[in-house]
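Visitor: Before anything else, here's the structure in question.
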Amino acid sequence: MALGLGCSAKPGKAKENRTGSWRTFRPEFMHEKCTKCGMCTQVCPEGCIGEDDLGFPVPDYDYCKGCGLCVEECPSQAIEMKKEEK
Amino acid sequence: MTGETCHLFEVGHRACGGCAAALVARTILDAAGKNTIVVSSTGCMEVFSTPYPETAWNVPWIHSLFENNSAVASGIVASLKKQGRKEKVIAIGGDGATFDIGMLCISGAFERGHDFLYICYDNEAYMNTGIQRSGATPYDASTTTSPAGKCSMGNRRPKKDLPMILAAHGAPYVATASVAYLPDLKKKVEKGLQTEGPCYIQVHAPCCTGWGFEGEKTMNIGKLAIETGLWVNYEMEDGKVTRAKKVVRKPVEAYLKEQRRFRHLFKPSRNEAEIAKIQAIADWNAEKFGIDIKLKK
Amino acid sequence: MMEFMEGSHAVAHAVKYCRPQVIAAYPITPQTHIVEALADMVANCHLDAEYITVESEFSALSACLGASAAGSRVYSATTSQGLALMFEVCFNCAGMRIPVVMSIVNRALGAPLSIWNDQQDSISLRDSGWLQFYAEDNQEATDLHYLAYKVAEDRNILLPAFVCFDGFILSHTYEPVDMLNQDQVDSFLPPYSPVQRLDSEDPMSFGLFASPDYYTEFRYQIDKALKDATKKISLAGKEFGEMFGRDYSEMVEAYRMDDADCALVAMGSICGTVKDAIDEMRKDGKKVGLLKLRTFRPFPEKEVRKALLGVSRVAVLDKNISLGAKGAVALEVKDALYGSMIPVFDYIIALGGRDVRKKDIRSVVDLAEKGKGDLFYGLRQEVLE
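Protein chains in written order, with my numbering: chain A, 1 to 86; chain B, 87 to 383; chain C, 384 to 768.
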């Protein structure tokens, strides 16, 4: 494939870098405690927390680096860090 | 499952876990929308988001050099004007690019009055090159070029007051913001984009790697900076402070003791004199911006 | 139409006819007359361009880079210290494949401070990836701007270009110039049509960083485009000749070289003096010729070799010095003649505005005949004592 002229690139390629492999701890989302406030989605530095049909947060573990910011900021303690099992 | 996310700042970037700069980038684009051209300086954000060919930017984006993003932005604004195009232009730089090496270009671009928004993500040192002191490094912070040691308490100078300097250039809108208050940042970005002329937003972006705290604490550290008065979120319109976030202030050590860069103020023994100097900076900020909420007794 | 004009004004008019959309420049002697003239054209609606009054040359070229990346034809002009301040952006423009065209009104580089002419400034940027054209007179100075835009913006080249002409000697001198008109220039130079640009309808990222896996390939591509420009220059130069009668299909110009025994090699305004000196020497029976380089990057290696292979000796007039080595032109000429055994003598001459007369050219030829070369010509006696 030809290289992008002058080191340019079309969008979309970053997705190929699956940063989920960096993770040593993994956030587990407990929907029974969740109030769907959206804080976790807002504070995720990866922008990898989406929503399911019911409005509950769903992390994309392909990209979640396991930083724990969502756990720290969740006002309902509805997310817990668990050791990653690989 | 419909867990798909679609941000203009894409997943897969290589920022550290818990990185404030990554959050700033995403929030800026969420606020600005797709009709935006971004000019990045060399720095952490540029590097972690664009190793060829993996760009994380879903808007038109350009990086030229460390110090010239506002000059490049000037050219883009002129070019768009000539072509009758309506895209907004945002220049983004770290504090090194903004406070230090890019100062000439920023001053020129602001003086000329180009219609663009400059956003500095301020992590208070040169993080990309390994935590060296910049003009934005706060008093007493230990960095790799202002290390605390037997005969040094770290950085000897307070932060350069860049918002005031740019307001003095005649910038119609100047604001400070914090990664700890993202909805506020978003509003300020929207306002900066709506205001014609050169606007400036300086975003406090705590750096877990450079400041020495766990990545999950990024927001907490940002909040503590505001709650101690060491960082003030305010807005300036046409040179006048029009709004400042009020707080019930905590002593500065609540903020300082959470970070490795200030560890020398507490170990091996507590340095009351230096902590008092930093408290005086917070007190001065509080008085200047009138941020203290007086609690009824 | 023949017009009697100052070099700077002739160039400013040529630039106007190229229809630049964004101009960013910073004043520096002896470039100022060009940018003043352009600012005046913009102020009086004779030129529909955005003129950015930047705060430094560094920002001038940075602004051009941004404007070009956003899809506009851009122009700047500078010299000497200003070009030195642009160093970092120069490499950036070439690497990002931004086709800026910039006039370089050649001037010496300090220290010591000198506002007068030599070619050290542009020569020092020889490794930056820019096309480099050198004009002998104001006619070439104007024509080479049209050619430069045509080649720089070619979709297979996309590299920035310097159009160099000697400060004061050309820039501040009145000469008759055959100025093309707008329609003529339009028929030669189509509007800029970028291959890629900053555009929210088709978002792309420009200026990513390259890991060791890619960096070499990007450098290779710049080098290849610059070498491929040889052919484009020739084609565009031929087309220009067919349209307007002045042929630039050769990147070199040979003057009385057919039977030359000693060949002088030079670039820029000095070539006029050299030609006059050659005419005189020819009358005296000396078989001397001139090989003028109109393009220094890409270096016309094959043309130079072909033109010089028949001569007994070569004397290069270098208005620059790669300190600690030789003049830059001599180094290239030696490389082009590698393996030929033709002696190439280098003369560092006319630095910092020192005048060169016909008798100096004669002296250089005499020195070459005596086998004396690789020296600073005409040094004051006191530094030799």
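We put the CB at the ideal spot given by N, CA and C, even for glycine. Keep in mind it's a predicted model, so treat the numbers as computed, not measured.
Give me the residue from C:L530, C:N539, C:S594 and C:A544 with the minimum Cα distance to D569 of chain C.
Guide: Measuring from the Cα of D569 of chain C, the nearest candidate turns out to be C:L530.
Visitor: Between the Cα of S583 of chain C and those of B:T122, B:A106, B:L248 and B:P269, spot the shortest distance and give me the residue it belongs to.
Guide: Measuring from the Cα of S583 of chain C, the nearest candidate turns out to be B:T122.
Visitor: I'd like to know whether the C-beta atoms of S463 of chain C and D510 of chain C end up nearer to each other than 8 Å.
Guide: No.
Visitor: So is K303 of chain B buried or exposed if we call it buried at 16+ other beta carbons inside 10 Å?
Guide: Burial call: buried.
Visitor: Going by DSSP in three states, P559 of chain C sits in which element: helix, strand or coil?
Guide: Reduced to three states, the DSSP call for P559 of chain C is strand.
Visitor: Please determine, among C:L430, C:A426 and C:V405, the residue with the shortest C-alpha to C-alpha distance to H396 of chain C.
Guide: Ranking C:L430, C:A426 and C:V405 by Cα distance to H396 of chain C puts C:L430 first.
Visitor: Can a CB atom of chain B be found closer than 8 Å to the CB of E46 of chain A?
Guide: It does: the Cβ of E46 of chain A has a partner Cβ on chain B nearer than 8 Å.
Visitor: Measuring straight from C-alpha to C-alpha, what distance separates T556 of chain C and A422 of chain C?
Guide: Distance between the alpha carbons of T556 of chain C and A422 of chain C is about 20 Å.
Visitor: Would you say R346 of chain B reaches chain A, if we count a Cβ-Cβ gap shorter than 8 Å as a contact?
Guide: It does not; no Cβ of chain A falls within 8 Å.
Visitor: Got a sec? Which residues, its chain only, sit under 7 Å from K709 of chain C by beta carbon, not counting five neighbours each side?
Guide: These residues qualify, in order along the chain: D729 and D757.
Visitor: At the level of alpha carbons, what is the spacing between M87 of chain B and G301 of chain B?
Guide: Reliability of the predicted coordinates at M87 of chain B is poor, the pLDDT of 39 falling under 50, and no value is obtained from them.
Visitor: Fully enclosed by the segment 691-746 of chain C, which beta strand (DSSP E) runs are 3 residues long or longer?
Guide: List check, beta strand (DSSP E) in window: 696-701 and 727-731.
Visitor: Would you list the one or two residues that DSSP bridges to K621 of chain C?
Guide: According to DSSP, which records beta bridges pairwise, K621 of chain C is partnered with nothing at all.
Visitor: Does any residue of chain A bring its CB to less than 8 Å from the CB of L151 of chain B?
Guide: Not one chain A Cβ lies under 8 Å of L151 of chain B.
Visitor: Could you pull out every unbroken beta strand (DSSP E) segment of at least 3 residues lying fully inside the segment 585-647 of chain C, listed in chain order?
Guide: Entirely contained in the segment 585-647 of chain C, the beta strand (DSSP E) runs reaching 3 residues are, in chain order, 635-638.
Visitor: Take every Cβ of the segment 479-494 of chain C, pair it with every Cβ of the segment 5-12 of chain A, and state whether three or more of those distances are shorter than 8 Å.
Guide: Verdict: yes, contact present.
Visitor: Between the segment 425-440 of chain C and the segment 144-155 of chain B, can you find at least three pairs of beta-carbon atoms closer than 8 Å?
Guide: No, the segment 144-155 of chain B does not touch the segment 425-440 of chain C.
Visitor: By DSSP, does K82 of chain A sit in helix, in strand, or in coil?
Guide: K82 of chain A falls in the strand class under three-state DSSP.
Visitor: From what residue to what residue does the beta strand (DSSP E) around P27 of chain A run?
Guide: Per DSSP, P27 of chain A belongs to the beta strand (DSSP E) from F25 to F29.
Visitor: Output, in sequence order along the chain, the residues in the segment 288-305 of chain B whose CB is closer than 9 Å to any CB in chain A.
Guide: Residues C294, E300, G301, E302, K303, T304 and M305.
Visitor: Helix, strand or coil for R242 of chain B per DSSP?
Guide: In the structure shown, R242 of chain B sits in coil (DSSP, three-state: anything other than H, G, I, E or B).
Visitor: At the level of alpha carbons, what is the spacing between G89 of chain B and D52 of chain A?
Guide: Bear in mind that a pLDDT of 46 at G89 of chain B, under 50, signals an unreliable position, so the number given afterwards is only what the model happens to contain. Distance between the alpha carbons of G89 of chain B and D52 of chain A is about 5 Å.
Visitor: Excluding sequence positions up to five away, which residues of its chain have a Cβ less than 7 Å from the Cβ of E638 of chain C?
Guide: It is worth fixing the name first, because residue 638 of chain C is Tyr in this sequence and not Glu. Closer than 7 Å at the Cβ level, and outside the excluded window around Y638 of chain C, lie K658, I661, G672, L673 and K675.
Visitor: Would DSSP call E32 of chain A helix, strand or coil?
Guide: Coil, per DSSP.
Visitor: Mind checking P75 of chain A: buried by the 16 CB within 10 Å criterion, or exposed?
Guide: So P75 of chain A counts as exposed.
Visitor: Are at least three pairs of beta-carbons, each pair with one atom in the segment 316-332 of chain B and one in the segment 234-246 of chain B, less than 8 Å apart?
Guide: Taking 8 Å as the limit for Cβ pairs, the verdict is that the segment 234-246 of chain B does not touch the segment 316-332 of chain B.
Visitor: Exposed or buried, which one is F387 of chain C when buried takes at least 16 other CB atoms within 10 Å?
Guide: It is exposed - the Cβ of F387 of chain C has fewer than 16 other Cβ atoms within 10 Å.
Visitor: Just how far apart, CA to CA, sit H149 of chain B and S135 of chain B?
Guide: If you take the alpha carbons of H149 of chain B and S135 of chain B, they lie about 11 Å apart.
Visitor: On the DSSP bridge list, what partners appear for H392 of chain C?
Guide: Its beta-bridge partners do not exist; DSSP assigns none.
Visitor: Are three or more beta carbon pairs between the segment 97-115 of chain B and the segment 288-296 of chain B nearer than 8 Å?
Guide: As far as the Cβ criterion goes, the segment 97-115 of chain B touches the segment 288-296 of chain B, which means the pair count is three or higher.
Visitor: For a contact meaning CB atoms closer than 9 Å, what does G55 of chain A contact in chain B?
Guide: Neighbours of G55 of chain A on chain B: none; closest Cβ ~10 Å, over 9 Å.
Visitor: Of all the options B:L190, B:K168 and B:G180, which has the alpha carbon lying nearest to the alpha carbon of T223 of chain B?
Guide: Out of B:L190, B:K168 and B:G180, B:G180 has the C-alpha closest to the C-alpha of T223 of chain B.
Visitor: Would C130 of chain B pass as an interface residue toward chain A - the criterion being a Cβ-Cβ separation below 8 Å?
Guide: So, not an interface residue.
Visitor: Can you list, in chain order, the residues of the segment 182-207 of chain B whose Cβ is nearer than 9 Å to any Cβ on chain C?
Guide: Going along the segment 182-207 of chain B in chain order, one finds L190, C191, S193, G194, A195, E197, R198 and H200 with a Cβ nearer than 9 Å to chain C.
Visitor: Residues in the segment 424-452 of chain C with C-beta within 9 Å of chain B's C-beta atoms, listed in sequence order?
Guide: Those would be D431, A432, E433, Y434, I435, T436, V437, E438, S439, F441, S442, A443, L444, S445, A446, C447, L448, G449, A450, S451 and A452, in chain order.
Visitor: Would you say Q280 of chain B lies against chain C (beta-carbon separation less than 8 Å)?
Guide: Not one chain C Cβ lies under 8 Å of Q280 of chain B.
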